[in-house]
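Novice: Okay, so the sequence shown: first residue is 33 according to my numbering, each after it adds one. For glycine and all other residues, C-beta sits at the position ideal for the given N, C-alpha and C. This one's a predicted model, so the numbers in the text were calculated from it and none came from an experiment.
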Amino acid sequence: MNLDPTDLRILTCLQQNGRISNQDLADRVALSPSACLRRVRLLEESGVIGGYRAWFDAEQLGLELEAIVQVSMRHDVEGWHDTFIAAVQSWPEVLSAYIITGDSNYILRVQARNLKHYSDFIVNRLYRTPGVMDIRSNIVLQRIKVDSSPLAILKAAEA
């Protein structure tokens with residue numbers, strides 16, 4: 033879908049506040065409420081807007097530890113990839129997972145209550161997954177930037 037500047041303004045407003053009323057959104061992007069709603073629905077139907085979610089502060093929920101985990105697999109284990117993917121999708125501690133290039137096969141972003149919870153996850157689940165050969169954990173000390181919006185990239189390309 034080709035996005036015009038008005039679509040980008042709508043997306044920017046929704047990224048900042050997904051609960052904004054259609055009237056307020058229309059005012060901010062200089063459209064009538066009906067035209068604004070029509071554009072939002074088109075963005076939803078085309079898949080550009082994939083949903084609306086609340087963001088939670090993990091520390092406020094008692095989840096004190098975050099780690100970035102690199103996982104390398106043994107390729108001689110039959111079905112290693114499918115087995116690993118199924119396991120990762122079943123673990124609530126894994127917030128996101130990626131197949132990557134480089135020295136490892138996967139990167140996981142893992143959240144845990146504390147070091148003991150994290151250790152139990154690594155030892156009792158991750159290491160026990162068939163095909164796992166090596167795990168390298170990086171404990172997050174501080175987040176520097178968290179942004180889930182690619183809109184800035186699109187805006188920079190226009191400039």
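Going by DSSP, what residue range makes up the alpha helix (DSSP H) through SER66?
Specialist: Taken as a continuous stretch (DSSP letters only), the alpha helix (DSSP H) holding SER66 covers 65–77.
Novice: Please state the DSSP three-state secondary structure of VAL172.
Specialist: Three-state result, VAL172: coil.
Novice: Take the Cβ of ARG71 as the centre, count every other Cβ of all protein chains shown within 10 Å, and call the residue buried at 16 or more, exposed below.
Specialist: It is buried - the Cβ of ARG71 has at least 16 other Cβ atoms within 10 Å.
Novice: Do you know whose CA, among SER64, TYR84, SER66, lies nearest LEU43's CA?
Specialist: Selected option, being the one with the closest Cα: TYR84.
Novice: Does the segment 106–123 come close enough to the segment 151–167 that 3 or more CB-CB pairs lie under 8 Å?
Specialist: The segment 151–167, when compared against the segment 106–123, does touch it at the 8 Å Cβ threshold.
Novice: Kindly indicate the opening and closing residues of the beta strand (DSSP E) around VAL142.
Specialist: Looking at the DSSP string, the run of the beta strand (DSSP E) that includes VAL142 is 138–144.
Novice: Pick from GLN47, SER66, VAL80: whose alpha carbon is nearest that of ASN34?
Specialist: Selected option, being the one with the closest Cα: VAL80.
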